[in-house]
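Chains as they are written, first to last, in this note's numbering: chain A, 24 to 416; chain B, 24 to 416; chain C, 24 to 416; chain D, 24 to 416. Cβ atoms here follow ideal geometry from the backbone N, Cα and C, with glycine treated the same way. Below: the structure, in structure tokens.
Number of protein chains: 4
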Amino acid sequence: MDALTEIGVGMLGYAFMGKAHVNAYRTLPYMIQPPPALPRLEAIAGRDAVAVREAAERYGFRKSYTDWRQLVADPAVALLDNGGPNDVHAAPCIAGAKAGKHLLCEKPLARDGAEAKQMLAAASRAHVKHMVAFNYRFVPAVRQAYELIRAGELGEIRHFRAHYLQDWITDPEFPRVWRLDRKAAGSGALGDLGAHVVDLARFLVGELKSVAALTRTFIKERPLPTASKVPRGARAAAGGKRAPVDVDDTFAAAIELEGGATGTLEATRLALGRKNHMGFEINGSRASLSFDLERLNELNLYRGDGRPETKGWTEVLVTEPEHPFIKNWWPPGHVIGWEHTFVHEIAHLLDAIANDRDVAPLGATFEDGYRAAVICDAILESAREGRRVEVGR
Amino acid sequence: MDALTEIGVGMLGYAFMGKAHVNAYRTLPYMIQPPPALPRLEAIAGRDAVAVREAAERYGFRKSYTDWRQLVADPAVALLDNGGPNDVHAAPCIAGAKAGKHLLCEKPLARDGAEAKQMLAAASRAHVKHMVAFNYRFVPAVRQAYELIRAGELGEIRHFRAHYLQDWITDPEFPRVWRLDRKAAGSGALGDLGAHVVDLARFLVGELKSVAALTRTFIKERPLPTASKVPRGARAAAGGKRAPVDVDDTFAAAIELEGGATGTLEATRLALGRKNHMGFEINGSRASLSFDLERLNELNLYRGDGRPETKGWTEVLVTEPEHPFIKNWWPPGHVIGWEHTFVHEIAHLLDAIANDRDVAPLGATFEDGYRAAVICDAILESAREGRRVEVGR
Amino acid sequence: MDALTEIGVGMLGYAFMGKAHVNAYRTLPYMIQPPPALPRLEAIAGRDAVAVREAAERYGFRKSYTDWRQLVADPAVALLDNGGPNDVHAAPCIAGAKAGKHLLCEKPLARDGAEAKQMLAAASRAHVKHMVAFNYRFVPAVRQAYELIRAGELGEIRHFRAHYLQDWITDPEFPRVWRLDRKAAGSGALGDLGAHVVDLARFLVGELKSVAALTRTFIKERPLPTASKVPRGARAAAGGKRAPVDVDDTFAAAIELEGGATGTLEATRLALGRKNHMGFEINGSRASLSFDLERLNELNLYRGDGRPETKGWTEVLVTEPEHPFIKNWWPPGHVIGWEHTFVHEIAHLLDAIANDRDVAPLGATFEDGYRAAVICDAILESAREGRRVEVGR
Amino acid sequence: MDALTEIGVGMLGYAFMGKAHVNAYRTLPYMIQPPPALPRLEAIAGRDAVAVREAAERYGFRKSYTDWRQLVADPAVALLDNGGPNDVHAAPCIAGAKAGKHLLCEKPLARDGAEAKQMLAAASRAHVKHMVAFNYRFVPAVRQAYELIRAGELGEIRHFRAHYLQDWITDPEFPRVWRLDRKAAGSGALGDLGAHVVDLARFLVGELKSVAALTRTFIKERPLPTASKVPRGARAAAGGKRAPVDVDDTFAAAIELEGGATGTLEATRLALGRKNHMGFEINGSRASLSFDLERLNELNLYRGDGRPETKGWTEVLVTEPEHPFIKNWWPPGHVIGWEHTFVHEIAHLLDAIANDRDVAPLGATFEDGYRAAVICDAILESAREGRRVEVGR
């Protein structure tokens with residue numbers, strides 16, 4: 024066996040997404056056989072010197088920086104992995120591209136289409152590999168859905184409906200964290216959750232043609248967090264100051280796809296009882312599919328052919344060696360977890376880097392991130408103006 | 024026990040809906056204890072003399088007529104039950120009202136809001152009892168949902184999403200029956216299926232404020248049926264003539280409710296694999312509910328209070344004696360079927376007639392039928408004009 | 024059309040099962056097309072003169088009797104329908120047979136195998152039609168399962184496991200009704216619930232070879248009901264007397280079938296949360312099936328052939344016209360209820376009577392009732408003696 | 024923070040279970056915060072020199088050995104992790120104990136109770152920590168079930184029923200791998216799968232009192248694998264020799280528990296369509312629980328208290344920070360996979376070693392492995408002798 028390429032990773036951010044990405048870098052070398060390359064955890068950057076040093080130690084990075092510019096300047100970093108808040112996506116990625124770093128950026132790629140376009144332009148000009156972390160493309164059941172559709176097994180697609188429902192800001196006293204601040208986040212449930220289902224629509228059934236949408240902010244003011252760094256579940260201190268919420272709590276849209284299908288999209292963080300409830304259903308002329316992220320090892324399939332006596336929705340347990348990604352894992356019926364999507368995603372990116380392969384179409388590039396941002400912009404425009412908006416190119 | 028009031032029933036139509044209504048009239052006197060009144064199957068009307076005579080014999084009507092005007096003229100008929108095609112709703116109901124008959128009309132009440140308004144006006148002027156057969160209000164689980172909401176257990180309602188998915192016209196060779204003809208039906212999936220979810224939205228969470236919608240006709244031409252009377256599942260004869268389909272195969276809408284909630288509505292007859300898949304989910308600030316008509320004995324409830332360790336979606340098997348309507352039926356766990364909704368619905372109407380009670384709010388009146396028609400009109404207008412439409416009053 | 028045969032029905036008992044049977048007699052003439060015969064509700068018998076008269080009026084019987092001997096003596100009664108307690112099964116059925124009445128008897132046929140054998144002998148000698156009301160054979164999904172197995176689609180059967188779980192006597196203060204009294208009932212959960220799964224094992228996969236079983240009575244004494252007639256859900260009056268419970272609250276068994284399969288059987292009335300939870304799973308060399316009575320419109324099927332990528336358990340919604348019994352009812356997806364099983368069962372029996380057809384193998388005869396009783400006896404013997412018992416013939 | 028204890032791990036075997044254990048050792052230091060100790064992957068042993076060297080490289084062990092005695096002799100090894108076939112459990116573990124190594128052994132602990140007893144005796148005498156890898160105790164939902172039961176929330180336990188169904192030897196041409204050879208495996212489905220449900224019965228509801236069981240071998244002869252090392256899914260070469268299968272393909276048992284509960288146990292590897300279908304249901308006087316390993320993030324709970332209108336089975340998504348183990352992982356609704364059980368299990372063991380804590384009762388010790396083996400022996404004895412067998416102590 025030839026020696027594997029080593030790829031130095033520089034990571035920006037070490038919270039929820041950082042942990043998920045690190046786990047992937049550390050797991051894939053022995054789980055994916057053969058691994059496409061060997062990631063080397065070179066450096067991690069964050070603003071809090073103590074916290075970033077602790078993260079470096081915990082996760083096994085060689086160095087820690089308190090300024091992302093140091094990451095970009097570090098010649099040992101070949102891949103810049105940007106898991107920071109949305110308002111820290113563009114500048115580091117653009118600088119990274121200019122420095123010739125390959126790029127992995129968390130979703131949404133940017134706060135709006137214009138910002139995303141700059142990032143795409145920088146990455147394209149630099150001829151680096153670039154990926155936006157739409158990790159649900161790398162759920163085995165979702166990839167299996169993709170393959171069935173590509174093979175024509177669904178026939179002509181008539182409907183695509185998807186939702187992404189969570190409930191973590193149901194409590195009006197949940198603080199106004201950065202995800203609820205337009206300046207930092209760009210939008211609310213739309214960019215955070217909606218971008219995922221927008222990307223899945225594009226990945227699975229093609230471009231959107233138009234959207235007729237609305238948005239709503241139910242809780243218009245929330246207490247400010249008591250410290251600049253507030254974990255996702257944080258509660259504000261009593262007597263704290265309050266600040267307006269200027270992003271959407273929810274959006275809903277009736278959609279048309281370029282291929283002729285129709286359907287709905289919806290995302291919210293106030294659907295009490297729904298924790299990470301991303302799901303879609305696709306109806307074709309020959310077969311239909313449905314999926315629910317909270318049961319991510321299952322794909323439901325209805326085939327129009329066959330005897331009426333035994334037709335029905337088949338719950339495929341996507342844990343067979345013939346299913347995408349599974350031969351790396353366990354025997355049938357031994358289910359995998361949410362974080363495995365990142366192992367698959369990052370292995371895909373490392374393979375693209377090490378072997379100069381395309382990230383697209385199986386992985387989402389900055390082009391896909393830009394397209395999702397354009398669609399999110401159209402949704403906001405439709406909601407604001409009260410009319411159907413054609414999705415531009 | 025006082026002698027029960029007898030109410031002479033005159034029925035228009037004897038196909039699918041006729042059978043379901045007859046079953047209710049014949050079942051309720053011994054199942055509902057005490058019955059609110061005794062229906063007497065007086066006469067049935069239909070255009071085909073042989074068929075209507077056979078129906079009268081099968082179902083136990085005393086007389087059969089080939090013209091609905093005979094029903095209306097029959098003094099023994101106190102309740103006109105109109106289960107004919109949509110274009111035979113208005114004239115018989117209006118004539119019936121003028122003749123002082125109580126009215127039960129299948130949904131959608133009319134082909135559009137204007138027609139529905141005339142029917143409502145006639146019924147109101149005549150001071151008769153009037154009901155539109157939105158029978159899903161009478162599913163025990165739906166009534167239970169209504170009661171929980173009315174008791175405030177869901178708190179402030181944030182989301183209402185509902186769909187009604189069927190697949191019986193997926194095949195392009197399925198003939199252009201009357202339900203696919205605008206003149207006869209008014210609209211397609213919208214009026215046939217969508218009206219149900221529109222009514223449930225209004226029944227459960229209140230008036231709609233606006234709709235942003237689209238419609239689509241996937242299969243624009245179909246073979247004409249080979250005879251004027253074609254059963255629902257009929258196939259056209261080879262070589263038959265074709266006619267355009269001028270109603271929607273599907274609609275999708277993003278909606279706002281007057282109470283502030285948002286969500287989506289969708290109906291289609293081309294969702295392959297979905298047979299009678301009407302479902303809704305309601306998210307409130309204190310609890311959430313979901314329901315699926317194909318499992319109509321179950322109601323799913325998530326309560327926001329309680330210990331995190333044991334919180335979750337509770338699948339309530341709505342077969343306990345404490346549940347609505349159930350004490351008339353069987354012991355716990357002995358599930359009931361779709362047609363039982365009509366037993367409850369018609370018992371409710373007979374009670375209103377016999378005891379001069381209001382059909383509303385538990386039953387749907389012609390006012391509710393009219394409101395649903397206005398909303399369907401708004402959906403069509405929004406789809407046509409590409410803008411959000413405020414729902415008028 | 025020839026005139027239909029009329030069959031005079033004489034019914035013993037008017038509680039839960041009486042209501043279900045009456046509903047079937049009244050419904051099938053217009054639902055089953057053409058009906059096999061026309062049942063005429065001739066007479067109903069029960070010990071309480073007032074109650075039986077009310078039942079006759081409610082259900083439409085011409086006469087009421089306070090002694091079952093009057094039913095047997097009534098020449099207008101052609102079919103004796105025995106829905107009384109278990110200790111009133113043998114004498115009326117044997118007398119009825121001697122009087123040339125056809126017989127329908129609720130399950131379990133008798134309190135033990137010896138009593139069942141006498142009933143079978145009497146019915147056989149009289150050359151009347153005889154049926155024991157194992158109604159779950161007439162669930163469309165169960166009949167569909169039967170047809171798939173008969174067609175060899177499951178291959179060699181390896182496993183049959185079934186359970187029947189209820190919870191209505193979980194409360195120790197639930198009174199000692201007749202079902203908890205060995206003299207009246209014969210056995211407890213075993214005869215009441217277990218007999219159903221024993222019959223389904225025999226119906227679907229063949230004779231049992233051996234049982235290795237245990238039984239248990241958790242609550243050994245209960246308050247006596249305050250009146251002789253206590254409804255199923257009744258509570259005893261405060262300060263009432265208590266009596267021992269001398270039947271099983273539960274049984275469990277490891278079983279062998281003559282065809283070589285193995286599995287388990289279990290029934291209980293103390294499985295808190297399980298209301299009418301009868302279910303089975305059958306694993307064959309080519310396919311597997313599972314079923315749950317609380318979702319009786321669904322049959323789950325796994326086929327061993329086909330591509331691994333799309334294999335899985337298919338949830339067949341048993342509401343298509345191609346499914347057993349369904350063409351009598353509603354369009355696809357319009358589910359039916361528990362009591363419809365009796366419509367199918369009694370139509371089958373009336374057809375056997377009117378057209379001199381065999382009740383077996385689709386319906387359960389007294390032979391099947393006897394075989395189930397023998398197996399229940401073997402389960403009790405195994406439990407008592409602590410050894411595996413071969414099931415005799 | 025004090026420096027963490029380092030614990031040198033010596034692993035025997037590198038197939039399925041080896042991979043799962045390695046993943047746990049490599050993952051827990053950064054996922055479990057703080058980690059109880061730092062495992063150091065010291066050495067791995069296996070018979071094939073090339074393969075074991077490759078495994079060492081892949082998984083990051085410092086050394087590889089071709090004889091387990093070298094592991095035992097290595098002073099850098101403090102913990103012997105035995106994931107070899109069942110016939111290589113006893114000798115290495117006993118030698119390891121004598122050498123003062125802590126012990127982790129895959130299940131079943133031994134091929135029978137006598138062998139297990141020797142292992143327990145050796146581990147006890149040596150005063151080392153010892154654990155048998157009944158990893159399902161470390162599923163968050165199972166631990167949550169344990170905690171609810173310990174808190175008395177289920178009340179008196181009436182029933183425990185469990186099954187473990189797989190289908191990987193359905194094909195008669197699947198080769199006779201070591202798991203089908205009594206000399207190597209001890210027993211078949213019983214020891215491999217049944218031991219898990221026996222352990223869960225003991226963990227959750229207490230000791231078994233008696234078993235009434237049967238076993239069966241459906242396919243009595245299979246082709247020999249073509250090489251000594253055959254992966255789980257291997258197929259034999261054409262024309263290969265055949266050998267008898269002398270272990271059970273399945274067992275089924277009716278069981279009594281010492282606390283008074285009854286129920287059933289079953290395991291099989293020929294339940295077509297069931298991949299890793301381990302499930303249990305527990306009915307108590309106050310609440311009931313059910314669990315299915317293929318949906319391991321869900322626990323179903325029915326509570327007997329509360330209003331009848333809203334009672335039902337609650338599907339608890341066990342991904343909240345308040346649930347066992349979850350604070351180490353992801354936000355609510357982000358499900359975890361099967362292999363996470365080993366992370367929890369091995370963290371528990373390392374904590375016991377580093378901080379001299381008891382493995383029991385949350386983890387399974389060799390005592391638990393021995394008790395499970397005694398119960399498996401009793402099941403075989405009951406099956407062989409056709410009588411109920413009291414489980415000895």
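Practice prompt. Keeping to the same chain, check which residues put their C-beta closer than 7 Å to that of lysine 421 of chain B; ignore five residues upstream and five downstream.
Written response: The question about residue 421 of chain B has no answer here: the residues shown for chain B are numbered 24 through 416.
Worksheet item: Are the C-beta atoms of tryptophan 336 of chain B and some chain C residue less than 9 Å apart?
Response: Not one chain C Cβ lies under 9 Å of tryptophan 336 of chain B.
Worksheet item: Does the beta carbon of serine 210 of chain C come closer than 9 Å to any beta carbon on chain D?
Response: no
Worksheet item: Residues in its own chain within less than 8 Å of glutamate 404 of chain D by CB, not counting five upstream and five downstream?
Response: Val412
Item to complete: Give the DSSP-derived three-state secondary structure of phenylalanine 348 of chain A in the structure shown.
Response: coil
Worksheet item: What number of angstroms, rounded off, separates the C-alpha of alanine 375 of chain C from the C-alpha of leucine 102 of chain B?
Response: 40 Å
Worksheet entry | Contact residues within the region 300 to 331 of chain B, judged by C-beta distance below 8 Å to chain C | Answer in chain order: His300, Leu316, Glu317, Arg318, Leu319, Asn320.
Worksheet item: Name the residues in the region 93 to 125 of chain C whose C-beta lies less than 8 Å from a C-beta of chain B; which are they?
Response: none
Item to complete: Please list the residues of the region 337 to 348 of chain B that have a C-beta atom closer than 7 Å to any C-beta atom in chain D, keeping them in chain order.
Response: So the close ones are Thr337, Glu338, Val339, Leu340, Glu343, Glu345, His346.
Fill in: threonine 240 of chain D: contacting residues in chain B (beta-carbon distance under 9 Å)
In chain B, no part has a C-beta under 9 Å from the C-beta of threonine 240 of chain D; the shortest such distance is about 38 Å.
Worksheet item: In whole angstroms, what is the alpha-carbon distance linking leucine 126 of chain C and alanine 207 of chain C?
Response: 21 Å
Discussion item. Need the endpoints of the beta strand (DSSP E) that glycine 302 of chain C sits in, please.
Written reply: 300 to 307
Discussion item. DSSP three-state label for leucine 237 of chain D, please.
Written reply: Of the three classes helix, strand and coil, the one that applies to leucine 237 of chain D here is strand, per DSSP.
Practice prompt. Please determine if the region 30 to 48 of chain D and the region 82 to 92 of chain D are in contact, where contact requires at least 3 C-beta pairs separated by less than 8 Å.
Written response: yes
Practice prompt. Answer with buried or exposed for asparagine 109 of chain A, where buried requires no fewer than 16 other C-beta atoms within 10 angstroms of its C-beta.
Written response: buried
Worksheet item: Alpha carbon to alpha carbon, how far is lysine 334 of chain C from aspartate 328 of chain C?
Response: Between the alpha carbons of lysine 334 of chain C and aspartate 328 of chain C lies a distance of about 8 Å.
Practice prompt. Alpha carbon to alpha carbon, how far is proline 246 of chain D from glycine 356 of chain D? Give it in angstroms, no decimals.
Written response: 45 Å
Worksheet item: For leucine 104 of chain C, which beta-bridge partners are listed by DSSP?
Response: Reading off the sequence, residue 104 of chain C comes out as aspartate, not leucine. Note: aspartate 104 of chain C sits in a beta bridge opposite C:Met34, C:Leu127.
Item to complete: May I have the straight-line CA-CA distance separating glycine 36 of chain C from glycine 119 of chain C, to the nearest angstrom?
Response: 15 Å
Worksheet item: Does the distance from the C-beta atom of histidine 153 of chain D to that of glycine 302 of chain D stay below 9 Å?
Response: In this structure, glycine 302 of chain D does not lie closer than 9 Å to histidine 153 of chain D by Cβ.
Item to complete: For glycine 282 of chain B, go through chain A and note every residue whose CB falls closer than 7 Å to its CB, in chain order.
Response: In chain order: nothing, as chain A lies at least about 11 Å away.
Discussion item. Suppose the cutoff is 8 Å on Cβ atoms and the five residues either side in sequence are ignored; what does the same chain contact list for lysine 350 of chain B look like?
Written reply: Pro344
Worksheet item: Is the beta carbon of lysine 298 of chain C less than 9 Å from the beta carbon of threonine 342 of chain B?
Response: yes
Worksheet item: Closest to serine 233 of chain C by CA distance: which of C:Ile402, C:Ala26, C:Gly31, C:Ile30 is it?
Response: C:Ile402
Fill in: Integer-rounded CB distance, given that threonine 287 of chain D should sit under 8 Å from leucine 188 of chain D
Contact flag wrong, Cβ pair sits at about 13 Å.
Practice prompt. Tell me proline 267 of chain B's beta-bridge partners as DSSP assigns them.
Written response: B:Glu244
Worksheet item: Who are the near neighbours of alanine 99 of chain C in its chain, counting only those whose CB is closer than 6 Å to its CB and skipping five residues on each side?
Response: Gly31, Glu65.
Fill in: Partner residues on chain F for glutamate 65 of chain B, Cβ-Cβ distance less than 9 Å
Structure shown: chain F not included; protein chains present are A, B, C and D.
Worksheet item: Whose C-alpha, out of C:Trp352, C:Cys399, C:Arg63, is nearest the C-alpha of leucine 27 of chain C?
Response: C:Arg63
Worksheet item: What does histidine 363 of chain A reach in chain D if we use C-beta pairs closer than 9 Å?
Response: Gly360
Discussion item. Could you tell me the alpha carbon to alpha carbon distance between aspartate 215 of chain A and glycine 209 of chain A, rounded to whole angstroms?
Written reply: 9 Å
Worksheet item: If you follow the alpha helix (DSSP H) that aspartate 400 of chain D is part of, which residue opens it and which one closes it?
Response: 389 to 408
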